[in-house]
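**Q** Residues 1 to 516, numbered by full-length UniProt numbering, are exactly what the sequence shown covers, in order.
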Amino acid sequence: MKEKLKSFGVPLLIMLLLIGALFIHQLLEVKKQPQPDWSRSVPLGFTSEERPQAFFNDDTLFLTDNGKVHGLKFDEQLNLQEDSAVNTKITRGNPFWTDGSVFIQKKSDRLVATENNKDTVITQEVDGISTGKERVYYWSKNELFSLNTADLSYNKIHTFPKDIMEIYQGDNGSAIVQVHQNDANAVLQYMDENEQIVGDPFASVKISTNQHIDGLTYGVKDDKMTILYNEQMRAQGALSYKILKLQSPLQEIGTKTLKPETLSFLNVDSGEKLQGPRSAKLVTIEGKPSVLFTSEGHKASDQNSVRVYLAPLEDESQLDAKTIGTTKHYSYLPFQLNSNSIAWLDYGGDTYELFGASKDPTMISASVELNKRSVKEAVNNTVMMIFSSVITILISFYWVLPSLFLLIVLYMIKPNIFEKDGINWVEYASILIFLIMPLTFMGKALNGYFYFAAPEYLTFTGSGYVGVTVISLLTALIWKFGRNPDWGTFGGVFYFMGVYILLYVSSFGPYVFNLF
Numbered sequence: 001m002k003e004k005l006k007s008f009g010v011p012l013l014i015m016l017l018l019i020g021a022l023f024i025h026q027l028l029e030v031k032k033q034p035q036p037d038w039s040r041s042v043p044l045g046f047t048s049e050e051r052p053q054a055f056f057n058d059d060t061l062f063l064t065d066n067g068k069v070h071g072l073k074f075d076e077q078l079n080l081q082e083d084s085a086v087n088t089k090i091t092r093g094n095p096f097w098t099d100g101s102v103f104i105q106k107k108s109d110r111l112v113a114t115e116n117n118k119d120t121v122i123t124q125e126v127d128g129i130s131t132g133k134e135r136v137y138y139w140s141k142n143e144l145f146s147l148n149t150a151d152l153s154y155n156k157i158h159t160f161p162k163d164i165m166e167i168y169q170g171d172n173g174s175a176i177v178q179v180h181q182n183d184a185n186a187v188l189q190y191m192d193e194n195e196q197i198v199g200d201p202f203a204s205v206k207i208s209t210n211q212h213i214d215g216l217t218y219g220v221k222d223d224k225m226t227i228l229y230n231e232q233m234r235a236q237g238a239l240s241y242k243i244l245k246l247q248s249p250l251q252e253i254g255t256k257t258l259k260p261e262t263l264s265f266l267n268v269d270s271g272e273k274l275q276g277p278r279s280a281k282l283v284t285i286e287g288k289p290s291v292l293f294t295s296e297g298h299k300a301s302d303q304n305s306v307r308v309y310l311a312p313l314e315d316e317s318q319l320d321a322k323t324i325g326t327t328k329h330y331s332y333l334p335f336q337l338n339s340n341s342i343a344w345l346d347y348g349g350d351t352y353e354l355f356g357a358s359k360d361p362t363m364i365s366a367s368v369e370l371n372k373r374s375v376k377e378a379v380n381n382t383v384m385m386i387f388s389s390v391i392t393i394l395i396s397f398y399w400v401l402p403s404l405f406l407l408i409v410l411y412m413i414k415p416n417i418f419e420k421d422g423i424n425w426v427e428y429a430s431i432l433i434f435l436i437m438p439l440t441f442m443g444k445a446l447n448g449y450f451y452f453a454a455p456e457y458l459t460f461t462g463s464g465y466v467g468v469t470v471i472s473l474l475t476a477l478i479w480k481f482g483r484n485p486d487w488g489t490f491g492g493v494f495y496f497m498g499v500y501i502l503l504y505v506s507s508f509g510p511y512v513f514n515l516f
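1. Would you mind stating whether Ser358 and Ser331 have Cβ atoms separated by less than 7 Å?
2. When you compare each of Asn194, Ile167 and Val205 to Gln181 by their alpha carbons, which one comes out closest?
3. Given this structure, state the Cα-to-Cα distance separating Gly448 from Trp97, to the nearest angstrom.
4. So, does the stretch 399-412 touch the stretch 71-90, judging by three or more C-beta pairs under 8 Å?
5. Pull up the DSSP beta-bridge partners for Lys156, would you.
6. Is DSSP giving Gln211 helix, strand or coil here?
7. When burial is assigned at 16 or more other CB atoms within 10 Å of the CB, is Asp58 buried or exposed?
8. With DSSP as the reference, please indicate the residues paired to Phe473 in a beta bridge.
9. Grouping DSSP H, G and I as helix and E and B as strand, with all else coil, what is Arg373?
10. Just the Cα atoms here: how many angstroms apart are Gln81 and Leu503?
11. If distances are taken between C-alpha atoms only, which option among Ile213, Asn66 and Val112 comes closest to Phe46?
12. Under 7 Å, do Ile157 and Val179 count as touching if we go by C-beta distance?
13. Just checking my contact of Pro34 with Thr326 at CB under 8 Å: how many whole Å lie between their CB atoms?
14. Just the C-alpha distance for Asp486 and Asn424, rounded to the nearest angstrom, thanks.
15. With a CB to CB cut of under 8 Å and the five nearest residues on each side skipped, what residues in its chain are close to Ala311?
16. Quick one: give me the first and last residue of the beta strand (DSSP E) that Ile104 is part of.
17. First and last residue of the beta strand (DSSP E) that includes Trp425?
18. Please identify the residue among Met225, Ile243 and Thr226 whose C-alpha is closest to the C-alpha of Met233.
19. Consult DSSP for Glu456 and reduce its assignment to one of helix, strand or coil.
20. Of all the options Asn185, Asn148, Met385 and Lys133, which has the alpha carbon lying nearest to the alpha carbon of Gln169?
21. Candidates Val505, Thr262 and Val268: which alpha carbon is nearest Ala280's?
22. Along the chain, which unbroken stretches of the beta strand (DSSP E) at least 3 residues long are found entirely within the stretch 267-329?
23. Note down, in chain order, each residue of its chain lying with its Cβ closer than 8 Å to the Cβ of Asn142, except the 5 sequence neighbours on either side.
24. Between which two residues does the beta strand (DSSP E) holding Pro11 run?
25. Measuring only the C-alpha atoms, how far is Met385 from Asp183?
26. Any idea if Asn117 is buried or exposed, counting beta-carbon neighbours within 10 angstroms, 16 or more meaning buried?
27. With a CB to CB cut of under 8 Å and the five nearest residues on each side skipped, what residues in its chain are close to residue 556?
28. Short of 8 Å in beta carbon distance, which residues of its chain neighbour Asn172, apart from the five on each side in sequence? Order them along the chain.
29. Check this for me: beta carbons of Ser39 and Ile324, under 7 Å apart or not?
30. Would you give the residue range spanned by the alpha helix (DSSP H) that Pro361 belongs to?
31. How about Arg110 and Val102: are their beta carbons less than 7 Å apart?
32. Which whole-angstrom value describes the C-beta separation of Ile471 and Tyr495, a residue pair presumed to lie in contact below a C-beta threshold of 8 Å?
33. Beta carbon of Asn338, beta carbon of Arg278: below 7 Å?
34. Note down the Cα distance separating Ser301 from Lys328, rounded to an integer number of angstroms.
35. Assuming Thr123 is part of the alpha helix (DSSP H), what are its boundary residues?
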């Protein structure tokens, strides 16, 4: 028993210490802010089993939830101040407008106002509706109408050559109208804040099944209009996304056709380009125009997640983006809550939950405190990263093959070598050959993900070579004192290799492969 403890207890104890270090690192990670001036993501007190539809009006966020509409109000620290729920069914997939008591929405082909669960039909033969803080537009085929939310009166604004497909409203009462052109394309036309169509169509967008526009946002600053729109593409069953930009002096809108420019985003934290950017929203954070969007995550546990990012808006095709959200699942519908706070919905597979992040100092301090939720996240991350070490064990199997081949060949041609007492030259030679093999794996192990996910004590310059050297010396020390003389050459070599691989996968292994 004492011999077994001496041989296996020490390496197992070291492995447990390394796993403990991994857990501590994950605890520190779940406390880490996404950026120094942003809080961690905090739950805002709303969950729903169905995908909510959202409307923001007069500092109140309205979210649908299984036959109810919740009106949520938050303070500057994103504390929930009010949650008023109204029993009103909103048609799924259609936008709505509300002031908290009256709900305007499209039901079938009718435009209705609902109050106290009683519907008042405003008009019929409605194809679509667009809602903003100040105005409600609806359309019937190629005819565009404006609705007065106070008295429910409406008036016709414009008749387009072809059917209207969508209307995207700006903050100043203006709008961009998407008009059908053919089966593959639609055109965009600008309508100013006086509800006047300005000039001719200024851009063409894709609308086919395999490539189509999926949301648009725009803003005007210094008499220059910037338009961002999302495009969704499908090829061989796989979805991909991109964000395109249109830009023009405001006075030139409608005088010429603008060519879109595809935007790319560089994650300044990882140094890698973000894949599949989508859900773009032009926002102004502390007076600075920025692009709020979602994209695939780059952190540990981000393999299948979509995170929230923020990029300062520049006159460049590549923008520097920073991670703002720290939620781990599928983030969508990002929007601005106030001058220094954002919010979004996070889908974890069975429920949707509202999260937020803020630049408020009080909010930042509160968000980095450990709680049950963050400890659970650290435990889950640790377990998953231990499983990723199993992949490293499987990959490292080829390290033993040259030494094993040497042992088998020598055992076949010179078996008497193995009959000598003590440690012979064959054992030393096999160990030396084995120690060369991890160096062949260095390039794959120390990849971009490793340097992004691993703690600082493993990512300094030359850490890979220093690490394998330390592991080699530590393994040699354990092998010297833990090797049983009765094991023979084969047993001694495999004991050394087993201890080495155990230490390697416990230290470097969790950060080599991303299984999240």
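The C-beta atom is built at its ideal place from N, Cα and C for all residues, glycine as well.
**A** The answer reads as follows:
1. No, Cβ-Cβ distance for Ser358 and Ser331 is not below 7 Å.
2. Ranking the options by Cα distance to Gln181, first place goes to Val205.
3. Roughly 46 Å separates the two Cα atoms.
4. Verdict: no, contact absent.
5. Answer is Phe145.
6. In the three-state DSSP reduction, Gln211 falls in the strand class (E or B).
7. Around the C-beta of Asp58, fewer than 16 other C-beta atoms lie within 10 Å, and the residue is accordingly described as exposed.
8. Position check: residue 473 holds Leu in this sequence, whereas Phe was assumed. BP columns for Leu473 are empty, so no partner.
9. Taken through DSSP and simplified to helix, strand or coil, Arg373 comes out as helix.
10. C-alpha separation (whole angstroms): 52 Å.
11. In this structure, Asn66 is the residue among Ile213, Asn66 and Val112 with its C-alpha nearest to the C-alpha of Phe46.
12. Cβ distance not < 7 Å, so Ile157 and Val179 don't count as in contact.
13. Between the beta-carbon of Pro34 and that of Thr326 there is about 5 Å, and that keeps the pair under the 8 Å contact cut.
14. The straight-line gap separating the alpha-carbon atoms of Asp486 and Asn424 is approximately 13 Å.
15. Taking Ala311 as the centre and dropping the five residues before and after it, the same chain places the C-beta of Phe265, Ser290, Val291, Phe293, Leu319, Asp320, Ala321 and Lys322 closer than 8 Å to its C-beta, in chain order.
16. Ile104 -> beta strand (DSSP E) spans Phe103 to Lys107.
17. From DSSP, Trp425 is part of no beta strand (DSSP E) but of the alpha helix (DSSP H) over Trp425 to Thr440.
18. Residue Ile243 is the option with its Cα nearest to Met233.
19. Judged by DSSP in its simplified three-state form, Glu456 adopts helix.
20. For Gln169, the nearest C-alpha among the options comes from Lys133.
21. It is Thr262.
22. 278-285, 288-296, 306-312 and 318-323, all fully within the stretch 267-329.
23. If we look at Asn142 and ignore the five residues flanking it on each side, its Cβ neighbours are Thr159, Phe160, Pro161, Lys162, Asp163, Ile164 and Val179.
24. Membership of Pro11 in any beta strand (DSSP E) is not indicated; the residue belongs instead to the alpha helix (DSSP H) covering Val10 to Lys31.
25. So the alpha carbons of these two residues sit roughly 48 Å apart.
26. Around the Cβ of Asn117, a 10 Å sphere holds fewer than 16 other Cβ atoms; the residue is exposed.
27. The structure shown has nothing for residue 556, since the chain only spans 1 to 516.
28. Within the same chain, Asn172 has close Cβ partners Glu193 and Val220.
29. Annotated as distal: Ser39 and Ile324, with beta-carbon spacing of 7 Å or more.
30. It spans Pro361 to Ser367 - the alpha helix (DSSP H) in which Pro361 sits, taken as one unbroken run.
31. No; because the gap between Cβ atoms is not below 7 Å, this pair is not in contact.
32. That belief does not hold up - the Cβ atoms of Ile471 and Tyr495 are roughly 15 Å apart, past 8 Å.
33. No. Outside cutoff.
34. With a pLDDT of only 46 at Ser301, under 50, the local geometry of the prediction cannot be trusted, and no value is derived from it.
35. Thr123 -> not in any alpha helix (DSSP H); beta strand (DSSP E) instead, spanning Lys118 to Thr123.
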